[in-house]
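Following: one structure in structure tokens, then a few remarks.
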Amino acid sequence: MRRKVLYVAHNHPIVRPGGAEAYALELYEAMRADAEFEPVFVARVGSSPSVEPSAHAGAPFTVIGRDPNQYFIQTDWDGIDFFLETYRDKRLYTTYIADFLNTYKPDVVHFQHTHFIGYDFVTLVRRMLPETPIVYTLHEYLPICHRDGQMVRTGSEALCTEASPRRCNECFPEWTPQWFFLRERLIKAHLSNVDLFLCPSNYLLERYVDWGIPREKLQFEDYGRFTQTAIEPQPAERRRTRLGFFGQLNPYKGVESLLDAMRILAVEEPDVHLYIHGANVELLPSTERERIIAALDAAGNNVTYAGAYAPGQVARLMADVDWVVVPSRWWENSPLVIQEAFMHGRPVICSDIGGMAEKVTHGVNGLHFQVSNAAALAATVRSALNTPGLWERLAAGIPTIYGMDEHVSNLKRTYDHLIQQRAGTGHEPALAARTVA
Amino acid sequence: MIAAIRRLLGRGGPRGPIVAPLSDFLMLVVSRRRRVDVGPVQGSGRAGRYRVWIQRPDAERPAAGVPVSKLEDLLDELVPHLSQGDRERMFEIVFESVKSNLGEPGGSSLSHGMRLLRDRLHEDLPELPAEPSEPHLMVLDVLAAVGGRAFWAFGWASDPEGSPSRVEAVSPEGQRTELLPGAPRFDREDVTQSLAAAGVASPRRNGFAKYFELEATSPASEGWVTELRAPSGATFRTAGPTVKRDPQQVRETMLWPFTVDRAELEPVRRDHAFPALLQLQEHAAGQVEVVAAVDYGTVPDTPDVSIVIPLYRRIDLIEHQIAQFWQDPELGQAELIYVLDSPELAEQLSHLAGPLHELYGLPFRILTLSRNGGYAVANNLGVAHAHGRLLLLLNSDVLPARAGWLGRMRAFYDATPEIGALGPKLLFEDESIQHAGMYFKRDPSTRWWENQHYFKGFTRSLAPANVSRSVPATTGACLMVERALFEGLGGFSTVYVQGGYEDSDFCLRLIEAGRRNWYVADIELYHLEAQSFFIETRHANPCNAWIQTHLWNEQIEALMQAQPDPANTPLLAVG
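Pasting the structure below:
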């Protein structure tokens, strides 16, 4: 019999596109073909600003389409304590999720996220299934940072490297340092039940070591991707003037400084053109949404806003550009867009910080510019265009992408190892697992 | 004129018996001749030509054929035919017969009847003029019940010094107490200023305060009057304030004398405010009981350690504690008792507690109090439901730094001879020291003994804070003590106000009992001090410092003489 691995995600890509969500579903789909593990996928859905299917009374779990192993779990927006990242009505865990765990009794639980659901889920798994290993992939810094897990300070918008009750209270004066202490302690209490955290970047891994997660519980493991056939570069006789932005259009993604850079380049390098393929602008808070829309409206003729795209369209869209720009002004982790750019042979121009600087090697497979500095970005683009042979050199330096097959076999080894490690550690679970006929 | 002659001649007025209910349970019967039997007689007497009976009507033996009037009608009929002396005599007879009933069920209706009698049988006085320019202005600002019979009065009178007015307060049931002269006097700037604003000079020592006890319970809050006799002989009456009865509000009215550092207030504090506080706190404590005890899971019935945690307002903190406790096996073996001291949150707490128990599996008990009792009462009642050999008194805003702390505290306690209280190192949320033992220091102006924490705010790694040692006292936020010892000493004193100084007072009693209190440096917990006091500030502290000094001055003096001065001890060599 195949062992069950339960994947828990904070969103389903069919409801809301996003990097972590897309990866979580891809991993589930890759594991579905596996002979040893049978994956079950649970994605949170709810009365959020996103599209929502209605739940049935008394049944927060509902099936998704025809796949018997995919579920939505609905949580109510108003029921979520977004500060402590917990669901206020604990019966979500002790009645409904407990019932789900009793029914499926997964051999491994691999959390892609607990946002909108609550870290209590982790504790519940440990209590009910003492021998089941818990794996948790860290996609950003949400346990550490109340600012959407970005580690960017409010007000100054400066990058932050260290959380503390005092510093966090500076960012959120409405929450006392004592509250931030309680937040950290509660989240850490739940996360102490995780057997292994997977970190798609070393930069992120080190932030969690700083935060106090034992290093032996943190393991580097990048996102595995389904590899696609590389697309052809643009004809060599043409200048490499086409830039592409792919990703969510939220303020952390740096699209505003990219537009500023395009204003500078309109004068200095009128041939340069930027294609913006951006999603989720409708999910932004109204002031940020209006600011970004205004910035897009104010852009000159050297910018084309192409709107949202489906994951399957990336290859075709990247075929039209020479460079992929990743101008994020938060640390990032392991941006999927960098993997996609590399998969399609496009060098990356990115901010010189965090996961971006780790994944893109300056002068080897891309170029770094000083984060949030539009002039520096414009200068970097100019020199990229005007250095003969640079594009070809960088394109040749692009590494092989970490494939999904290899990722899956590494994960299976990890799951096996953890299952062995936990075997026998279980005592009589207090929330007795009922036998389901 | 004719009525006066008739009265003189002893004629006129009702002859036959008149009967009226004095309260829900008592009848007033007045007759010149025959007695009317409506039930057992509780008291009787003679006022002039009338005999007066107080009877307890018997449902099975109704007053056969005797019509029952309203009390007002009885008085209308009777009063014009009584001399002033007879009236007062009659009131006295009734009061003496019924005073013991005032504290019983029906006391309120009795009080209402007595108020009618008081107003009709006593001399009608003119109202005190309310003009600030009047020389004998007197205001009773506060009248507060601190027990059934005990009251606290606070007011002012702008009578000239040397020729004091005589002021009596009269309860709704007609009980009298003298306020002036006799009450200690002091300056009240607020009064002086507001009179000055009206162009009137106020004499010095205009304020007064008094603690007094009546002969009998006074249950009614409305109907007090004050009677003022000026040196000139003029007599006035004025309506008194509504009696304050909410313990918290009442306490507020007594704290002022402790916040002002003036010698003239010492008699107010010592002879009036303190006895009133003592009465109030004891009375309030006596009215608090455990109304529900609910076990979530199987709480150990023969535990070695019982943990008692009062919950005040911030019930959400239990989630944070339980999330830290559940994986520590020592906590599962302990008897964990939460005492809900905010009974209005009982329903919310039960909605929280059940699922939290289910999620974490940690067994605990919740005791719900009948009303807010304060820190000392909540702990004492929690301990009364505890079974452990040792107690760990814990605040809801204390979280352990790591597992194993309870066993290590127990081991330290058991290994230390003659130990009284044991307190660990407590840290603020920023890792600086919140508690490393407590000592006493006199406030430089009042000279009252205040509690101080050693090394508060300093780094946790400070060398002298990392030495376990005997200390004058330890905080009640996390205090281990033998249960027999705690109970033998009567638990926390309930005289302190709003949570504070119960711990040091208890530690002083431990020292008096021959024990020593200890600070253990290598066990750390966090204390988010005063999280449950997010609205109120602790302005009761000067009051508590005064009480502590009043009760323990010599002992603390001797203790601190023998204690190395924390500012000069070699312990302070940072290294």
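Protein chains in written order, with my numbering: chain E, 1 to 437; chain S, 438 to 1012.
The C-beta atom is built at its ideal place from N, Cα and C for all residues, glycine as well.
Judged by beta-carbon spacing, Leu-539 of chain S lies beyond the 8 Å limit of Ser-546 of chain S, meaning their Cβ atoms are not closer than that value. In the three-state reduction of the DSSP assignment, Glu-994 of chain S falls in the helix class, which pools H, G and I. Take the alpha-carbon of Pro-494 of chain S and the one of Lys-507 of chain S: they are about 15 Å apart.
Not a single C-beta of chain E is nearer than 8 Å to the C-beta of Glu-961 of chain S. For Asn-954 of chain S, the uninterrupted beta strand (DSSP E) segment begins and ends at 953–964. Between Gly-841 of chain S and chain E, the shortest Cβ-Cβ separation is not below 8 Å.
Excluding residues up to 5 positions away in sequence, Gly-19 lie with their Cβ nearer than 6 Å to the Cβ of Leu-336 of chain E in the same chain. In this chain, the beta strand (DSSP E) harbouring His-368 of chain E covers 366–369. Between the segment 741–755 of chain S and the segment 166–174 of chain E there are fewer than three inter-stretch CB-CB distances shorter than 8 Å, so the stretches are not counted as touching.
The alpha-carbon of Arg-66 of chain E is positioned some 59 Å away from that of Tyr-812 of chain S.
Taking a 10 Å sphere around the C-beta of Asn-386 of chain E, we find fewer than 16 other C-beta atoms and assign the residue as exposed. Spatial neighbours of His-146 of chain E in its own chain (CB-CB distance under 8 Å, excluding positions within 5 residues in sequence) are listed in chain order as Phe-83, Cys-168, Cys-171, Phe-172, Trp-175, Phe-180, Arg-183. Chain-order list of chain E residues neighbouring Leu-965 of chain S: Gln-178, Phe-181, Leu-182, by C-beta distance under 8 Å. Annotated three-state conformation of Tyr-119 of chain E is coil, per DSSP. Using beta-carbon distances, Ala-163 of chain E does not count as an interface residue toward chain S, since no partner is under 8 Å. Excluding residues up to 5 positions away in sequence, Glu-855 lie with their Cβ nearer than 8 Å to the Cβ of Gly-951 of chain S in the same chain.
Along the segment 731–806 of chain S, the alpha helix (DSSP H) occurs as fully enclosed runs of 4 or more residues at 754–762, 766–770, 783–797, listed in sequence order. If you check the CB distance, Tyr-963 of chain S and Glu-866 of chain S come in under 8 Å.
When CB distances to chain E are screened at a threshold of 7 Å, the residues of the segment 757–772 of chain S falling below it are His-757, Ala-760, Gln-761, in chain order. Taking a 10 Å sphere around the C-beta of Asp-510 of chain S, we find fewer than 16 other C-beta atoms and assign the residue as exposed. As computed with DSSP, Met-875 of chain S is found in a beta bridge with S:His-890, S:Ala-910. Contact annotation: in the segment 374–392 of chain E, no residue has its CB less than 7 Å from a CB in chain S.
DSSP places Thr-86 of chain E within a strand segment (E or B) once states are collapsed to three. As computed with DSSP, Trp-179 of chain E is found in no beta bridge at all.
Listed along the chain, the chain S residues whose CB falls inside 9 Å of the CB of Leu-186 of chain E are Glu-756, His-757, Ala-760, Gln-761.
By the beta-carbon neighbour count (other beta carbons within 10 angstroms, threshold 16), Asn-978 of chain S is buried.
Listed in chain order, the non-local C-beta contacts of Leu-926 of chain S below 6 Å within the same chain comprise Arg-946, local neighbours out to five positions each way being set aside.
Any Cβ of chain E closer than 8 Å to the Cβ of Pro-792 of chain S would place that residue at the interface, and such an atom is present.
Of the residues S:Val-728, S:Phe-695, S:Glu-560, the one whose Cα lies closest to the Cα of Leu-806 of chain S is S:Val-728. Partner residues in the beta bridge of His-277 of chain E, as assigned by DSSP, are E:Phe-246.
The beta carbons of Ser-907 of chain S and Asn-954 of chain S sit closer together than 8 Å. Following the DSSP letters along the chain, one finds Asp-556 of chain S inside the alpha helix (DSSP H) bounded by residues 544–558. For the options S:Thr-912, S:Glu-652, S:Thr-629, the alpha carbon positioned closest to that of Gly-584 of chain S is the one of S:Glu-652.
Partner residues in the beta bridge of Glu-664 of chain S, as assigned by DSSP, are S:Glu-605, S:Arg-674. Taking C-alpha positions only, Thr-912 of chain S is separated from Phe-923 of chain S by approximately 15 Å.
Using a Cβ-Cβ cut-off of 7 Å, Lys-90 of chain E is close to Pro-792, Leu-793, Leu-796 of chain S, given in chain order.
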